[in-house]
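To keep things clear, I will list the structure first and then write my remarks on it.
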């Protein structure tokens, strides 16, 4: 009687004959990969990091060095939401909170302040607000984040801001100057990118505000989720959660404690609530009834500014406006 026993991947073949074991060098046929403990494992795949994802990596690298603290306040926006539903065009909550924050920052330069480290520690107050808003776009089949800039939102109408947001969301990526610049930087080597970030954040307050903004705004409220403590290299980041059925929403400011104190931020949250129920409410009411006055929608010149670099603001000189108008006539009206 002869019996044979094989291991899944043996180096020797063993035989048992007449009470004795005998072995012979050689490899036996491996066990089936679909059965047994030695089941075949499917290998994963490696793929390159996209330029837009590299920008997010750099952003997080700089943001983790900021000692940020969140301050939050629960407010009632039920009346604002009821009016917003009747507006034409419909105004995004991002635009509403963006302008409310900028209105408060106009009277409180602390919200436009940044800490500059080199060549010595000092503060810089930008003359107007620049909002940096993360926009998700599809880049070659991959969801990618880009940052849209809105200059001086306090001096623009809600419809102008909403239309600018629509351009940032729908215009071809290669036609938006901010997006092209982000992709160009994202393709650079890591050391070069980190050096650019470090110089932007620590040397010139004016260039820092122009390239990164004076405050950021982010939210997952439309997805029914809330971010507890988003981090950013900016002094202030505004965040709001989902709006509950009773019209309550949690708003918060994540601030750099080296630049601001919590009591100051708490007072500014109260001011933002007041701005929502006064200035913002009045403008929304005007959008529900054309007879009360409707904000002028931006034309080709404003769209050209967005596609070239950023959204418009009243602090640009006439020479820039003439250049933009000329470009609008030759490109967007074709």
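Residue numbers (my numbering): 74 to 407. Every residue gets a Cβ at the ideal spot worked out from N, C-alpha and C, and that includes glycine.
Remark: three or more beta-carbon pairs, one from each stretch, lie closer than 8 angstroms, so the stretch 268-288 and the stretch 182-193 are flagged as touching. Shown here for residue 270: same chain residues with a beta carbon closer than 7 angstroms to its own, the five before and five after excluded, namely 131, 135 in chain order. Bounds of the beta strand (DSSP E) holding residue 328 are 321-329. In this chain, the alpha helix (DSSP H) harbouring residue 252 covers 250-259.
For residue 339, the number of other beta carbons within 10 angstroms of its own is below 16, and it is reported as exposed. With 16 or more other Cβ atoms from the protein chains shown falling within 10 Å of its own Cβ, residue 171 counts as buried. Counting of Cβ neighbours within 10 angstroms places residue 296 among the exposed residues, the total staying below 16.
Per DSSP, the unbroken alpha helix (DSSP H) holding residue 124 starts and ends at 124-136. The Cβ atoms of residue 206 and residue 222 sit closer than 9 angstroms to each other. Residue pairing by DSSP puts residue 148 in a beta bridge opposite 322. CA-to-CA, the gap between residue 150 and residue 321 works out to about 6 angstroms. By the neighbour-count definition (other C-beta atoms within 10 Å, threshold 16), residue 202 is a buried residue. Taking a C-beta distance under 9 angstroms as the contact criterion, residue 260 and residue 124 qualify as a contact pair. Note that the C-beta distance between residue 148 and residue 324 is below 9 angstroms.
Taken through DSSP and simplified to helix, strand or coil, residue 118 comes out as coil.
The residues 152, 153, 156, in chain order, have a CB closer than 8 angstroms to that of residue 354 in the same chain once the five nearest residues on each side in sequence are set aside. In the DSSP assignment, residue 237 is bridged to no other residue. Taking C-beta atoms as the reference points, residue 218 and residue 168 fail to come closer than 9 angstroms.
Setting aside the 5 residues that flank it on each side, residue 335 is surrounded in the same chain by 142, 144, each with a C-beta closer than 7 angstroms to its C-beta; the list follows chain order. Just measuring C-alpha positions, the residue of 274, 303, 128, 342 sitting nearest residue 194 is 274.
Its chain contains 218 as the residues whose beta carbon lies nearer than 7 angstroms to that of residue 129, once the 5 sequence neighbours on both sides are disregarded; these appear in chain order. Excluding the 5 residues flanking it on each side, residue 190 has same chain C-beta neighbours closer than 7 angstroms at 275, in chain order.
Excluding five sequence positions before and after residue 342, the CB atoms of its chain that fall closer than 7 angstroms to its own CB belong to 144, 146, 324, 326, given in chain order.
The residue from 198, 192, 256 with its alpha-carbon nearest to that of residue 180 is 198. Shortest Cα-Cα distance from residue 347 to any of 175, 330, 251 involves 175. Minimum Cα-Cα distance from residue 333 among the listed residues 158, 313, 309 corresponds to 309. Within the same chain, and ignoring the five residues on either side of residue 253 in sequence, the residues whose Cβ sits closer than 8 angstroms to its Cβ are 246, 247.
Between residue 300 and residue 314, the C-beta gap is smaller than 9 angstroms, which places the two residues in contact. If you look at residue 300, you'll find it isn't in any beta strand (DSSP E); DSSP assigns it neither H nor E.
The residues 345, 348, 349, 353, in chain order, have a CB closer than 6 angstroms to that of residue 173 in the same chain once the five nearest residues on each side in sequence are set aside. Taking a contact as a CB-CB distance under 8 angstroms, the pair residue 208 and residue 257 does not count as one, their CB atoms being some 18 angstroms apart.
Assignment of residue 314 by DSSP, reduced to helix, strand and coil, places it in the coil class. In the structure shown, the three-state DSSP call for residue 196 is strand.
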